[in-house]
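Participant:
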Amino acid sequence: SQTIHQWPATLVQPVGSPLSLECTVEGTSNPNLYWYRQAAGRGLQLLFYSVGIGQISSEVPQNLSASRPQDRQFILSSKKLLLSDSGFYLCAWSGGSRGHNEQFFGPGTRLTVL
Amino acid sequence: LAKTTQPISMDSYEGQEVNITCSHNNIATNDYITWYQQFPSQGPRFIIQGYKTKVTNEVASLFIPADRKSSTLSLPRVSLSDTAVYYCLVGAYNTDKLIFGTGTRLQVFP
Chain A
4 SQTIHQWPAT LVQPVGSPLS LECTVEGTSN PNLYWYRQAA GRGLQLLFYS
54 VGIGQISSEV PQNLSASRPQ DRQFILSSKK LLLSDSGFYL CAWSGGSRGH
104 NEQFFGPGTR LTVL
Chain B
7 LAKTTQPISM DSYEGQEVNI TCSHNNIATN DYITWYQQFP SQGPRFIIQG
57 YKTKVTNEVA SLFIPADRKS STLSLPRVSL SDTAVYYCLV GAYNTDKLIF
107 GTGTRLQVFP
């Protein structure tokens with residue numbers, strides 16, 4: 004069966020510090036991978052998605068970046084965090100029998116920037 | 007990608023049927039309609055997907071009229087555990103990305 008992991012689960016960082024969130028998927032190959040952010044009480048905002056190794060599409064201009072160094076690894080980074088980067092970060096994958104309309108989400112990382 | 011419009015919130019009581027309607031006036035011919043459910047501090051979970059008429063699974067039913075400009079998610083006999091945010095999404099089948107709106111916050115009372 005497929006599983007998706009995210010770490011860390013929670014993170015408190017000062018403004019201006021770097022960020023690295025990692026997401027890995029097991030039990031599937033060549034998945035689409037996604038990074039979303041959800042501010043408190045708000046909907047999900049798609050940040051990046053990837054259809055293959057080294058292929059990253061950015062949805063929103065920001066100080067964040069994403070990389071996909073391996074088929075089932077997706078990393079979200081920032082060189083200098085802003086207060087507005089606080090939120091709940093979710094990684095997801097798709098590519099199962101229902102195609103890409105069914106995305107499977109990880110447990111999320113709650114980031115607080117102080 | 008077709009934009010969707012849903013009510014911001016709905017209230018219900020245990021045991022009642024809940025119908026959440028989503029408007030998608032600009033839906034394209036090859037677009038499918040997908041619904042997700044999200045509990046607090048968790049990622050969304052796929053509920054149901056359809057193209058036209060009616061789709062039913064063990065969790066919900068999805069009703070889509072002939073013009074496909076709207077859809078209704080029907081939850082039979084809701085319980086307290088159905089309290090969540092429900093998202094309606096429209097996009098081509100096997101699209102590389104889905105766009106989540108703000109969803110409908112359903113509160114079920116005892």
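Chains A and B supply the protein sequences, listed in that same order. So for the first sequence, this note's numbering puts the first residue at 4; every next one is plus one. So for the second sequence, this note's numbering puts the first residue at 7; every next one is plus one. Just so you know, even glycine gets a beta-carbon here, dropped at the ideal spot from N, CA and C. Bear in mind that the values here come from a model prediction, so they are computed numbers and not experimental data.
Please decide whether alanine 43 of chain A counts as near chain B, where near means a Cβ-Cβ distance under 8 Å.
Facilitator: Counting from 1 along the first sequence, the entry for residue 43 of chain A is found at position 40. Answer no: the Cβ-Cβ gap between alanine 43 of chain A and chain B never drops below 8 Å.
Participant: Determine contact between the stretch 20–30 of chain A and the stretch 59–79 of chain A, defined as no fewer than three beta-carbon pairs at a distance below 8 Å.
Facilitator: Touching, yes, given that three or more Cβ pairs across the two stretches are closer than 8 Å.
Participant: For valine 54 of chain A, go through chain B and note every residue whose CB falls closer than 7 Å to its CB, in chain order.
Facilitator: Counting from 1 along the first sequence, the entry for residue 54 of chain A is found at position 51. Simply Asp102.
Participant: Going by beta carbon distance, what residues of the same chain come within less than 7 Å of glycine 111 of chain A, once the five residues before and after it are set aside?
Facilitator: For this step, residue 111 of chain A is matched to residue 108 along the first sequence. Cβ within range, chain order: Gln9, Phe91, Tyr92, Leu93.
Participant: Using three-state DSSP, classify serine 68 of chain A as helix, strand or coil.
Facilitator: Translated into the one-based positions of the first sequence, residue 68 of chain A becomes position 65. Serine 68 of chain A falls in the strand class under three-state DSSP.
Participant: For threonine 40 of chain B, which residues in chain A fall below 8 Å Cβ to Cβ?
Facilitator: Against the second sequence, residue 40 of chain B aligns to sequence position 34. The answer, in chain order, is Asn104, Glu105.
Participant: Let me check understanding here. Comparing Cα to Cα, which of B:Phe69, B:Thr110, B:Arg51, B:Pro46 lies closest to tyrosine 38 of chain B?
Facilitator: For this step, residue 38 of chain B is matched to residue 32 along the second sequence. Here the closest residue by C-alpha is B:Phe69.
Participant: Since threonine 108 of chain B meets chain A, which of its residues come closer than 8 Å, beta carbon to beta carbon?
Facilitator: Position 102 of the second sequence holds residue 108 of chain B. Going along chain A in sequence order, the residues near threonine 108 of chain B (Cβ under 8 Å) are Arg45, Gly46.
Participant: For leucine 93 of chain A, which residues does DSSP report across the bridge?
Facilitator: Residue 93 of chain A sits at position 90 when you count from the first residue of the first sequence. DSSP, once it has assigned bridges, lists A:Tyr39 as partnering leucine 93 of chain A.
Participant: Assuming asparagine 104 of chain A and glutamine 55 of chain B make a contact with CB atoms under 8 Å, what is their CB distance in whole Å?
Facilitator: Translated into the one-based positions of the first sequence, residue 104 of chain A becomes position 101. Translated into the one-based positions of the second sequence, residue 55 of chain B becomes position 49. Yes, they are in contact, since the Cβ atoms of asparagine 104 of chain A and glutamine 55 of chain B sit about 6 Å apart, within 8 Å.
Participant: If you measure beta-carbon to beta-carbon, which residues of the stretch 19–53 of chain B are closer than 9 Å to chain A?
Facilitator: Under the 9 Å Cβ criterion, the stretch 19–53 of chain B contributes Tyr38, Thr40, Tyr42, Gln44, Ser47, Gln48, Gly49, Pro50, Arg51, Phe52.
Participant: Leaving out five residues on either side along the sequence, give the residues of the same chain with a beta carbon under 6 Å from the beta carbon of serine 70 of chain A.
Facilitator: Looking up residue 70 of chain A in the first sequence gives position 67. These residues qualify, in order along the chain: Ile78.
Participant: Check the C-beta distance from glycine 19 of chain A over to leucine 84 of chain A and give it rounded, since I have them as a contact under 8 Å.
Facilitator: Here residue 19 of chain A refers to the residue found at position 16 when the first sequence is read from its first residue. Here residue 84 of chain A refers to the residue found at position 81 when the first sequence is read from its first residue. Indeed, because the Cβ distance is near 7 Å, the residues count as touching under 8 Å.
Participant: So what's serine 85 of chain B in DSSP terms, helix, strand or just coil?
Facilitator: Here residue 85 of chain B corresponds to residue number 79 of the second sequence, with the count starting at 1. Serine 85 of chain B falls in the coil class under three-state DSSP.
Participant: Which chain B residues sit within Cβ distance under 7 Å of phenylalanine 126 of chain A?
Facilitator: Summary: the structure shown does not reach residue 126 of chain A, with chain A confined to residues 4 through 117, and so no result is reported for it.
Participant: What's the gap between the Cα of cysteine 28 of chain B and the Cα of threonine 59 of chain B?
Facilitator: Here residue 28 of chain B corresponds to residue number 22 of the second sequence, with the count starting at 1. Here residue 59 of chain B corresponds to residue number 53 of the second sequence, with the count starting at 1. The straight-line gap from Cα to Cα measures roughly 15 Å.
Participant: According to DSSP, simplified to helix, strand and coil, what is serine 20 of chain A?
Facilitator: Looking up residue 20 of chain A in the first sequence gives position 17. Looking at serine 20 of chain A - three-state DSSP - the assignment turns out to be coil, as it is neither helix nor strand.
Participant: Tell me the DSSP secondary structure of leucine 104 of chain B in three-state form.
Facilitator: Here residue 104 of chain B refers to the residue found at position 98 when the second sequence is read from its first residue. It is coil, neither helix nor strand.
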